[in-house]
Amino acid sequence: MTSKRSLVRRGAAVAAAGTAALVLAACGGSGDDPAGHDGHTSTSASATASASASQGRHNAADVAFAQGMIPHHRQAVEMAELAPDRARSTEVKRLAADIKKAQDPEIRTLSGWLASWGEEVPAEGAVDHSVHGAGGMMTAEDMEKLEKASGAAFDTAFMEMMIEHHEGAVAMAKTEQADGSHAPAKEMAGRIISSQTAEIEKMNELLGRG
5 MTSKRSLVRR GAAVAAAGTA ALVLAACGGS GDDPAGHDGH TSTSASATAS ASASQGRHNA
65 ADVAFAQGMI PHHRQAVEMA ELAPDRARST EVKRLAADIK KAQDPEIRTL SGWLASWGEE
125 VPAEGAVDHS VHGAGGMMTA EDMEKLEKAS GAAFDTAFME MMIEHHEGAV AMAKTEQADG
185 SHAPAKEMAG RIISSQTAEI EKMNELLGRG
């Protein structure tokens with residue numbers, strides 16, 4: 005009898021141990037099971053990749069391009085807005101309207117990129133007029149001269165200044181194409197190079213330089 009009781013107790017103990025092992029295994033599977041972790045990691049990686057894809061990869065050159073082109077475009081738009089009341093040439097008025105139409109939306113797009121990257125968006129009016137020729141930017145004196153001009157004098161001054169301004173933008177865009185990594189920014193740079201080079205040629209033709 006003693007032997008039988010001992011065997012029964014031993015069997016019960018083994019059964020209990022087996023049950024405990026199964027419970028522990030089940031718990032381990034929910035937290036430490038490789039498949040479970042892989043599933044979680046894969047989901048996180050997919051979410052990260054998706055977020056990254058929506059923003060697009062960018063580098064310092066992309067940031068510099070956006071931060072430099074925003075005030076550059078703003079000044080071009082400021083110059084273009086003077087044309088309707090001051091220009092004599094219909095061609096100059098049309099050219100100014102095209103410049104404003106193209107560059108206003110690009111300013112918004114560039115600002116959106118910087119905001120999504122957590123970078124500073126140049127403030128309105130943040131145009132550095134101090135150095136003539138820096139990126140083709142006009143000085144305060146240049147802008148004052150343009151504002152005071154009218155008729156044929158305005159047409160000539162506008163085109164001469166805008167050619168220089170466009171040349172600065174084209175140079176900035178070429179730098180972005182060479183050094184940037186954000187695909188949409190490089191595509192915009194390509195459009196700027198194409199459209200503004202064509203406008204430079206048109207203005208040179210109108211000035212009799214073609």
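Just so you know, the sequence shown maps onto residues 5 to 214 in the numbering used here. Glycine included, every Cβ here is placed at the ideal spot set by N, Cα and C. No experiment lies behind these values; they were computed from the predicted model shown.
Note that the C-beta distance between I111 and H76 is not below 7 Å. Between F69 and E180, the gap from beta carbon to beta carbon is short of 7 Å. In the structure shown, the three-state DSSP call for A127 is coil. The residue among R98, R61, D66, V67 with its C-alpha nearest the C-alpha of F162 is R98.
DSSP places G116 in the uninterrupted alpha helix (DSSP H) bounded by 94-121.
The beta carbon of G155 lies closer than 7 Å to those of R92 in the same chain, with the five residues before and after it left out. Rounded to the nearest angstrom, the gap between the Cα atoms of M73 and M176 is 8 Å.
Here R90 has S154, F158 as same chain residues with Cβ atoms under 6 Å from its own Cβ, once five neighbours each way along the sequence are excluded. Taking 7 Å as the cut-off, the Cβ atoms of A65 and G140 do not count as close. Within the DSSP bridge table, the entry for G155 names A91 as partners.
Here P126 is buried, its C-beta having at least 16 other C-beta atoms within 10 Å. Pairing A119 with A100, the inter-Cα distance amounts to about 28 Å.
In chain order, S185 place their CB closer than 6 Å to the CB of N63, counting only its own chain and leaving out the 5 sequence neighbours on each side. Assignment of G212 by DSSP, reduced to helix, strand and coil, places it in the coil class.
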